[in-house]
Structure formats: structure tokens, C-alpha cells
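As given, the protein sequences belong to chains A and B, one line each in that order. Last residue of the first sequence: 518 (numbering that gives the first Met the number 0), numbering continuous. Last residue of the second sequence: 106 (numbering that gives the first Met the number 0), numbering continuous. For each residue, glycine too, the CB sits at the ideal point set by N, CA and C. Let me begin by presenting the structure, written as C-alpha cells, before commenting on it.
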Amino acid sequence: MAPAAPAVQTLIGQSNPVAIGFFLVFVLLTLAITYWAAKRTRTTKEFYAAGRSVTGFQNGLALAGDFMSAASFLGIAGLVSLKGFDGLIYSVGWLVGWPVVLFLIAEPLRNLGKYTFADVVAYRLSPRPVRTASSLGAIVTVLFYLIAQMVGAGTLVKLLFGLPYELAVVAVGALMIAYVLFGGMLATTWVQIIKAVLLLGGATVLVLLVLVRFHFSYNALFGAAIAKYGGTFMQPGGLVSNPLDAISLGLALMFGTAGLPHILMRFYTVPNAKEARKSVFYATGFIGYFYILTFTIGFGAAVLVGQDLIKGIDKGGNMAAPLLAEVLGGSVFLGFLSAVAFATILAVVAGLTLAGASALSHDIYVGVIKRGAASEKDEVKVARGATIALGVLAVLLGILFKGQNVAFMVGLAFAIAASANFPTLLLAIFWKRFTTRGAVAGILTGLILAIVLIVISPTVWVDILKKPAAPFPLKNPGLFSMAGGFLAAVIGSLTSREKSAEEMFAGQKLRSYVGVGAE
Amino acid sequence: MPQPQTREPASLAELLESPEFHAITARKNKVSLMLTLAILAVYFGFIFLIAFRKDLVGANLTANVTWGIPMGLGVIAAAWVLTGIYVVWANSRYDVMVENLRKKWGK
């Protein structure tokens with residue numbers, strides 16, 4: 000604790016009945032929705048895709064709810080409060096992947112696939128090897144993302160609610176299993192929509208409370224920050240010290256979004272490609288607005304809470320937004336925002352679990368083991384079993400990685416998505432000569448390169464394994480693993496020939512561009 | 000919705016070879032590619048400026064605001080504008096081309 004902390008007496012770190020009260024309301028509401036959704040979740044189309052009944056606007060909110068994690072809300076606000084302008088550089092990187100999703104992936108994906116992105120990759124190719132490789136890419140991406148979320152959940156809930164770490168992880172696991180198991184995609188969608196509304200609404204109120212103090216003038220807010228921390232607070236600092244590093248991370252963020260299984264899966268919940276298109280437009284709007292809010296919250300926290308207190312409670316700055324809420328809105332607003340942060344984690348992990356379960360059931364069980372011939376009933380049963388298995392695994396991994404530095408795992412998940420999932424998906428949609436060998440080679444190369452390079456990078460080698468110098472110089476492997484993934488996919492395709500795939504390309508184009516035959 | 004395989008193969012092949020269908024795919028690819036390059040240029044332009052011209056990004060625009068602030072917000076605005084351009088184009092032009100093709104070929 001900062002000894003000089005003046006008027007601010009924080010409740011953070013203690014058991015907070017207001018936060019728990021708000022959270023219980025959220026849990027009751029979402030469980031009621033799950034009960035409602037459970038009666039509408041019997042077929043595969045309902046379990047994986049909410050019966051394709053979600054509108055473009057709803058899906059835009061749900062995409063935002065799937066994407067805006069507690070880590071980006073608390074983490075970026077914290078980064079801005081400690082580093083000023085550098086926090087803005089970091090946050091815009093998370094938005095720029097969305098236009099890429101819209102321009103290249105969303106509509107073809109919706110027209111060509113049924114439930115998973117592997118449907119699209121396997122459209123013309125040999126289904127068993129391609130689905131095996133694609134689902135491996137999907138599951139590894141989901142698992143790294145999930146571990147980061149679970150460990151974050153345990154740590155945050157401990158700080159915000161004063162609950163023990165393990166209890167928090169088990170509570171998150173149990174709730175997400177309940178949503179997905181019983182309510183499938185329909186319940187998951189509504190959990191994500193409610194969370195997005197709460198998060199955007201709560202952050203907007205917090206920003207208004209900040210701006211009231213500065214007579215709605217950003218100029219005054221920035222002026223106060225400069226008065227406190229000097230002009231360098233408004234200037235780029237050490238974040239982009241190595242341009243190659245920044246490019247590598249930028250590529251992973253930009254193209255990783257278009258390879259995240261839980262994001263891609265959401266495009267099957269809308270009735271057609273036009274709604275898929277609209278949903279990305281809305282999602283980009285909401286997410287961009289959200290980063291402007293977090294930027295303002297970060298500045299507000301730097302000025303009104305102060306860096307000493309923020310760092311005193313959590314070195315990484317994660318408590319900047321909750322502290323600011325407490326200063327401006329008292330324990331009630333702190334409690335509300337804490338509950339929103341918890342809800343945020345739940346919505347993201349539910350989406351991840353559903354995406355992982357669909358890869359296991361739809362791609363591995365039906366596509367590979369049953370060679371495409373499984374009954375509707377069996378598939379839903381296996382998908383539910385996979386949900387429980389993944390949920391339990393997530394809880395165990397969350398407890399196993401307690402106290403570990405897992406922040407790099409989100410960056411790794413993006414790197415794998417950009418290097419293994421995105422190249423194969425893009426080539427499957429646009430390249431006639433793409434072959435099964437190319438798909439398998441591209442996925443495996445991108446996946447293995449991303450993992451190996453990050454282990455020997457400063458991120459893991461130096462920061463976590465505490466070895467002196469890293470063999471690989473960049474903090475994020477994106478640049479090299481993505482290039483490797485593309486290169487392997489192209490070489491694999493050019494060294495093999497698949498006549499049937501080439502013949503099917505014209506028909507695929509008709510379905511992809513015109514929507515003829517789309518489900 | 001009619002399935003493609005229920006059509007006579009000759010007319011399906013004709014459709015796939017038709018100038019209208021070529022126009023649709025070519026236009027769509029061109030728009031997608033240009034907009035993708037645009038967002039790449041905006042974002043990496045921002046990153047390159049920070050990497051190589053920190054002085055410019057950190058220069059004061061007003062007493063309290065550096066050029067970096069409108070640049071960063073500009074990247075967010077560019078994401079909005081570019082997705083907006085795409086959606087307006089697709090809703091008003093692309094969908095019409097697709098609709099005409101579907102009508103003409105009875106899809």
C-alpha cells in the first residue's frame with residue numbers, strides 16, 4: 000500500500016457485499032436466460048448456431064461481448080494510467096483486425112460453412128486430415144486464450160470480491176459450463192449481449208463522471224495529467240522501441256482476429272451473409288468506442304487516483320479502473336463495476352468453451368471419427384460432453400497456472416490464430432490450387448512456429464524462464480510464424496495436385512459470392 | 000433455396016462463365032483488397048511514425064495535446080469509416096449485382 004495515499008480509502012481486496020450482490024443479480028438473470036434457451040436448444044443448428052436466429056445488430060453486440068475481455072478493460076485502462084500515450088498505441092492494435100474480418104472473411108465464411116471454420120477449409124479438400132489439423136489449430140488457440148482468462152479471473156475476483164482464487168476459478172468454470180451445456184449458443188449469445196451492454200454502459204458512466212470533473216474538456220484532463228506527470232506522458236515512450244517487434248505484434252493482432260475460432264463461430268448465428276456483414280460493422284463501432292472509453296478512464300485514473308496508489312494495489316495497473324470507480328462513485332459503483340468485470344470474464348470463457356467443444360464434436364467426432372455420418376442426436380450429445388470436459392480442463396489449468404505469468408498467452412493465441420488458422424482459411428476461400436497437403440502443412444507449420452518461437456523469445460525465455468539472453472529476438476512471433484504458415488501452405492499446395500478441389504472451386508465461388516446453396 | 004446440383008450442369012457452367020458472375024467476383028475482390036490495404040496502411044503508418052518519427056508524434060498540437068492523440072484516434076476512426084464504406088458499398092451495389100444475377104439465372 001502506498002503510505003502517502005491521502006483521502007482514498009479503498010475497499011479493493013476486501014470482501015465486497017455490494018459487488019457480490021450485483022454479481023448474484025447477473026447470475027440469476029443469465030441462469031434464467033439459460034433456462035429459457037435450454038428449451039430452444041435441441042438440434043445441432045440450435046446448439047452451435049442459436050438456430051441462425053440472431054440479428055446483425057445483436058450479433059454485433061455479442062461479437063463485442065465475445066472480444067472485450069476483462070484483461071483489455073482493466074489491463075488497457077491500467078496501462079494508460081501508468082504509461083499515458085503508449086497505452087493508446089497498444090489499444091488501437093486490438094481494433095484493426097475487425098475491418099480485415101469484414102473485408103476478407105465474414106461473408107465467405109458464413110456462406111460456405113455450417114458451424115466451424117474447418118467447414119470452410121475442408122469444403123473442397125479431403126475432410127479427415129483437414130478437419131484434424133484445423134481443429135487442432137482451433138483447440139490450441141482456444142486453450143491458450145482460456146488459460147489466460149481463467150488465471151485472470153481468479154486473480155481479479157480475489158482482488159475485487161475478496162474471494163479465494165480457487166473458489167473464483169471454480170465458480171467461473173461452473174457457470175460457463177451451465178450456460179453452454181444447457182443453453183448452447185443461444186444462452187452464450189445473450190450472456191455476451193448483456194455483458195457488452197453492461198460493460199459499455201458502466202464504462203460510459205465512469206467516463207462521464209471523469210469528464211464532469213473537467214467540465215467536459217479533454218484539454219483540461221490532459222492538462223491535469225501533464226501537470227502531474229510531465230509532458231512525456233502525452234508522448235510515445237518505450238512501447239515501440241524496436242520497430243520489428245511492433246510490426247510482429249501488429250500482424251498477429253491484425254490477422255489473428257480473423258482466425259479466432261470463437262469469433263468466427265459467431266457468424267453462423269445470423270441468417271445470412273448480409274447480416275454477418277452488418278454485425279462486423281456494429282462490432283467495430285462498439286469495440287472502437289470501448290477503447291476510447293478505456294483510454295479516457297486511464298487518464299482519469301492517473302489524475303484522480305494517482306499512479307502511486309494504482310501501483311500500490313497492483314503493479315500491472317489492473318486496478319486503475321475499479322479504483323477510479325470507487326473514487327468517483329463510492330462503494331456502490333465499485334461493486335457494480337467489479338460485477339461487470341466478472342460478467343465480462345464469463346461471457347468470454349463461455350464463447351471460448353463453445354468454440355472448443357464444436358471443434359471436438361463437429362470436426363473431430365463427426366468429421367474425422369464418424370466420417371461425416373453421425374446422427375443429430377449423437378452430435379449434440381458429444382458436443383455437450385466436450386463442453387463438460389473442456390470446462391473441467393479449464394478449471395484445472397486455471398488452478399495449475401495460479402500465480403504464473405500468463406499474460407503472454409493471449410498474444411500467443413493471436414499469433415497461432417494469425418499463423419495457422421487465418422492463412423489456411425484465406426487460401427481455402429480464394430485460391431483454386433490450394434490442396435489438402437497445403438492446408439495441413441500450413442496449419443502445422445504456423446502452429447509449431449508460433450509456439451516454439453514464443454518459448455525462445457524474450458517473453459518466455461527471459462521473463463518467465465529467467466534465462467539470460469533469448470535465442471529469438473522478437474517478443475511476439477507473428478511476423479515469422481505467419482510468413483511460415485503461408486509459405487508452408489503454398490509450398491504444400493504446389494507440390495501436390497488435387498483435381499477434384501480445382502473442379503469444385505467454381506461452385507465454391509458461386510456459393511461464396513452469391514450465397515447459392517448456403518445454409 | 001434451390002441447390003446448385005438440381006440445376007442442369009450446362010446452365011450452371013454457363014452461369015459460372017458468364018460476364019455478370021465474373022464482374023461480381025472481380026469487383027468484390029478489388030474492393031476487399033483495396034480496403035484491406037487501406038487499413039494496413041493506416042495502422043502500420045501509425046506504427047512506423049511512432050517507430051521512426053517519435054518527435055513528430057510527440058510534438059504539441061495545442062498546449063496539452065500532442066499530435067499522437069488525433070493520430071491514434073484517427074486509426075480508430077479509420078476502422079469505422081472503412082467498415083462503413085464497405086457496408087454501404089455492399090448493401091447498395093454488391094447486393095444489387097447479386098440479386099440481378101440470381102433473377103437472371105433463376106437462383
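**Report entry** alpha helix (DSSP H) runs wholly inside the stretch 20-107 of chain A, at least 4 long, in chain order
**Finding:** Taking only runs of at least 4 residues, the alpha helix (DSSP H) segments lying wholly in the stretch 20-107 of chain A are 43-48, 55-66, 69-82, 84-92 and 96-99.
Query raised in the report: Whose C-beta lies closer than 6 angstroms to the C-beta of Val-304 of chain A among residues of the same chain, with five residues either side of it excluded?
Result: In its chain, beyond the 5 residues on either side, Leu-322, Leu-323 and Val-326 have a beta carbon closer than 6 angstroms to the beta carbon of Val-304 of chain A.
Query raised in the report: Hey, how far is the Cα of Ala-449 of chain A from the Cα of Ala-62 of chain B?
Result: Distance from the CA of Ala-449 of chain A to the CA of Ala-62 of chain B, rounded to the nearest whole angstrom, comes to 44 angstroms.
Report task. Going by DSSP, name the residue or residues bridged to Met-59 of chain B. Result -> Reading the sequence as shown, one finds Asn at residue 59 of chain B and not Met. Bridge partners of Asn-59 of chain B: B:Thr-65.
Query raised in the report: With DSSP run on the structure shown, which of helix, strand or coil describes Pro-3 of chain B?
Result: With a pLDDT of 49 at Pro-3 of chain B, under the threshold of 50, the modelled position of that residue is not reliable, and the figure given next carries that caveat. Helix.
Query raised in the report: Under the rule that 16 or more other beta-carbon atoms within 10 Å means buried, what is Val-391 of chain A, buried or exposed?
Result: Its Cβ having fewer than 16 others within 10 Å, Val-391 of chain A is exposed.
Query raised in the report: Using Cβ-Cβ distances below 8 angstroms, what residues of the stretch 245-270 of chain A are close to chain B?
Result: Listed in chain order, the positions of the stretch 245-270 of chain A with a beta carbon within less than 8 angstroms of a beta carbon of chain B are Ala-245, Ile-246, Gly-249 and Met-253.
Query raised in the report: Which residues in the same chain have their Cβ closer than 7 angstroms to the Cβ of Glu-106 of chain A, if we skip the five residues on either side of it in sequence?
Result: Listed in chain order, the non-local C-beta contacts of Glu-106 of chain A below 7 angstroms within the same chain comprise Ala-272, Ala-275 and Arg-276, local neighbours out to five positions each way being set aside.
Query - Member of A:Thr-42, A:Met-318 and A:Ser-499 whose CA lies at the smallest distance from the CA of Gly-182 of chain A - result: Minimum Cα distance to Gly-182 of chain A is reached at A:Thr-42.
Requested in this report: Report the three-state DSSP secondary structure of Gly-311 of chain A (helix, strand or coil).
Outcome: In the structure shown, Gly-311 of chain A sits in a helix (DSSP, three-state: H, G or I).
Query raised in the report: Thinking just about the alpha-carbon of each residue, which of A:Ser-480, A:Phe-429, A:Ala-469 and A:Asp-462 is nearest to the one in Gly-441 of chain A?
Result: The shortest Cα separation from Gly-441 of chain A among A:Ser-480, A:Phe-429, A:Ala-469 and A:Asp-462 belongs to A:Ser-480.
Query raised in the report: Do you know whose CA, among A:Ile-291, A:Gly-514, A:Arg-436 and A:Gly-477, lies nearest Val-206 of chain A's CA?
Result: Among A:Ile-291, A:Gly-514, A:Arg-436 and A:Gly-477, the Cα nearest to that of Val-206 of chain A is on A:Ile-291.
Query - Neighbourhood of Val-381 of chain A by C-beta distance below 7 angstroms, restricted to the same chain and skipping five residues each side - result: Closer than 7 angstroms at the Cβ level, and outside the excluded window around Val-381 of chain A, lie Ser-360 and Tyr-364.
Query raised in the report: Buried or exposed: where does Glu-375 of chain A fall if 16 or more other Cβ atoms within 10 Å of its Cβ makes it buried?
Result: Glu-375 of chain A is exposed by the Cβ-count criterion.
Query - Test: Gly-284 of chain A CB closer than 8 angstroms to a CB of chain B - result: Closer than 8 angstroms to some Cβ of chain B, the Cβ of Gly-284 of chain A qualifies, so yes.
Query raised in the report: Residues of chain A with a CB under 7 angstroms from the CB of Trp-79 of chain B: which are they?
Result: Neighbours of Trp-79 of chain B on chain A, chain order: Thr-283, Gly-284 and Gly-287.
Query - Reduced DSSP secondary structure (H/G/I, E/B, other) of Ile-455 of chain A - result: In the structure shown, Ile-455 of chain A sits in coil (DSSP, three-state: anything other than H, G, I, E or B).
Query raised in the report: What residue ranges within the stretch 299-383 of chain A form continuous alpha helix (DSSP H) runs of no fewer than 4 residues, ordered along the chain?
Result: Within the stretch 299-383 of chain A, the complete alpha helix (DSSP H) runs of at least 4 residues are 306-312 and 319-357.
Report task. List the residues of chain B whose Cβ lies closer than 7 angstroms to the Cβ of Pro-235 of chain A, in chain order. Result -> Taking a Cβ-Cβ cut-off of 7 angstroms, the neighbours of Pro-235 of chain A in chain B comprise Ile-49, Lys-53, Val-56, Gly-57 and Gly-67, given in sequence order.
Query raised in the report: Which one of A:Ala-202, A:Gly-445, A:Gly-55 and A:Ala-147 has the shortest CA to CA distance from Arg-565 of chain A?
Result: Residue numbering for chain A in the displayed model covers 0 to 518; residue 565 of chain A lies beyond these limits and cannot be assessed.
Query raised in the report: Going along chain A, which residues have a C-beta under 7 angstroms from Ser-31 of chain B?
Result: What Ser-31 of chain B touches in chain A: Phe-102 and Leu-103.
Query raised in the report: How about Leu-252 of chain A and Gly-74 of chain A: are their beta carbons less than 8 angstroms apart?
Result: Contact: no.
Query raised in the report: Which value, in whole angstroms, describes the spacing of the CA atoms of Lys-466 of chain A and Ile-455 of chain A?
Result: Annotation: Lys-466 of chain A to Ile-455 of chain A spans about 10 angstroms, alpha carbon to alpha carbon.
Report task. Taking all protein chains shown into account, decide if Asn-15 of chain A is buried (16 or more other Cβ within 10 angstroms of its Cβ) or exposed. Result -> Buried is the call here.
Report task. Specify the secondary structure class of Pro-472 of chain A as computed by DSSP and reduced to three states. Result -> In the structure shown, Pro-472 of chain A sits in coil (DSSP, three-state: anything other than H, G, I, E or B).
Query raised in the report: With distances taken from CA atoms, which of A:Leu-446, A:Ala-354, A:Arg-436 and A:Asn-317 is nearest Gly-483 of chain A?
Result: For Gly-483 of chain A, the closest C-alpha among the options A:Leu-446, A:Ala-354, A:Arg-436 and A:Asn-317 is that of A:Leu-446.
Query raised in the report: In its own chain, which residues sit with a C-beta less than 8 angstroms from the C-beta of Leu-124 of chain A, not counting the 5 before and 5 after it?
Result: Once the five neighbours on either side are set aside, the close Cβ partners of Leu-124 of chain A are Ala-427, Phe-433, Thr-434, Thr-435, Ala-438, Glu-497 and Ala-500.
Report task. Using alpha carbons as the reference points, say which of A:Thr-33, A:Phe-298 and A:Ile-490 lies closest to Thr-187 of chain A. Result -> Among A:Thr-33, A:Phe-298 and A:Ile-490, the Cα nearest to that of Thr-187 of chain A is on A:Thr-33.
**Report entry** Helix, strand or coil at Gln-148 of chain A [DSSP, three-state]
**Finding:** In this structure, Gln-148 of chain A counts as helix in the three-state DSSP scheme.
Requested in this report: Take the Cβ of Ile-368 of chain A as the centre, count every other Cβ of all protein chains shown within 10 Å, and call the residue buried at 16 or more, exposed below.
Outcome: Exposed.
Query - Under 9 angstroms from the C-beta of Val-95 of chain B: neighbouring residues of chain A - result: Residues of chain A passing the Cβ test: none, with the nearest at roughly 12 angstroms.
Query raised in the report: Would you report the Cα separation of Val-169 of chain A and Leu-142 of chain A, rounded to the nearest angstrom?
Result: Spanning the two alpha carbons is a distance of roughly 17 angstroms.
Query raised in the report: Which ranges does the alpha helix (DSSP H) cover as unbroken runs of at least 4 residues, wholly within the stretch 212-237 of chain A, from first to last along the chain?
Result: Whole alpha helix (DSSP H) segments, 4+ residues: 217-228.
Query raised in the report: In chain order, what residues of the same chain lie with their CB nearer than 7 angstroms to the CB of Pro-578 of chain A, ignoring the 5 residues before and after it?
Result: With chain A running from 0 to 518 in the structure shown, residue 578 of chain A is simply not present.
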